[in-house]
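First up is the structure itself, then whatever we jot down about it.
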Amino acid sequence: MTVSYNADVSSASFWSFVKIMLRWRGSVWKMIYFELVLWCTTFTIFSLIYRLGLDKNQQILFEKICLLCNKYGDLLPVTFMLGFYVSLVVTRWQSFWKNVGWVDSAALSVATYIAGYDERSLMIRRTIMRYLCCMQVLVFRSISKPVKKRFPTLESMVKAG
Numbered sequence: 031m032t033v034s035y036n037a038d039v040s041s042a043s044f045w046s047f048v049k050i051m052l053r054w055r056g057s058v059w060k061m062i063y064f065e066l067v068l069w070c071t072t073f074t075i076f077s078l079i080y081r082l083g084l085d086k087n088q089q090i091l092f093e094k095i096c097l098l099c100n101k102y103g104d105l106l107p108v109t110f111m112l113g114f115y116v117s118l119v120v121t122r123w124q125s126f127w128k129n130v131g132w133v134d135s136a137a138l139s140v141a142t143y144i145a146g147y148d149e150r151s152l153m154i155r156r157t158i159m160r161y162l163c164c165m166q167v168l169v170f171r172s173i174s175k176p177v178k179k180r181f182p183t184l185e186s187m188v189k190a191g
């Protein structure tokens, strides 16, 4: 989603920075709020259990477990896990991108195999490409909210041409 920030950054000041950071539409906060709330809730629960629910011996045992986890947490480096995760995400994205049905190769085939500059050949090529574009819009409507918003009904597709 593209969001214009030109009006907010027209003057450089601390408040314009705060205004941009607290903006909801297209913001980082919108993308991470669920994880942030989940992390804060989990931290609060562990803190309350540690401070209010455990006696001194249990607190010492909990601290030893935390130190043990901290000691062995460095055996598998975070950079290795991050690299594995990024390669997994990129591979998934590439396979998705390769499986999207694009009309470009079909358009080149239509232009190659339906030769001629007469009216009939031109109408056949246009009709085939209209059907291919219609198919692509119908597929994208099922997976993309902006396309669904642009073409909510079949009549809106007909009006757009």
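At position 132 of the sequence shown the residue is numbered 162 (this note's numbering), and the sequence of numbers has no breaks.
Every residue, glycine too, gets a C-beta built ideally from N, C-alpha and C.
Give the list of continuous alpha helix (DSSP H) stretches no shorter than 4 residues that lie fully inside the region 90-153.
108-129, 134-143
Keeping to the same chain, check which residues put their C-beta closer than 8 Å to that of Ala137; ignore five residues upstream and five downstream.
Met159, Leu162
Selected residue, minimal CA-CA separation from Val167, among Pro107, Val120, Val130, Gln88
Val130
Nearest-angstrom Cα separation, counted from Trp69 out to Ile75:
10 Å
Helix, strand or coil for Gly191 per DSSP?
coil
In the DSSP assignment, find the unbroken alpha helix (DSSP H) run with Leu66 in it and report its ends.
58-78
Ordered along the chain, which non-local residues of its own chain (more than five positions away) have a Cβ less than 8 Å from that of Leu84?
Phe92
Distance between beta carbons of Ile144 and Arg156, contact taken as under 8 Å
Rounded, the Cβ-Cβ distance is 10 Å, inconsistent with contact.
Exposure label - Arg150; buried when at least 16 CB within 10 Å:
exposed
Taking all protein chains shown into account, do 16 or more other C-beta atoms lie within 10 angstroms of the C-beta of Arg81, making it buried, or fewer, making it exposed?
exposed
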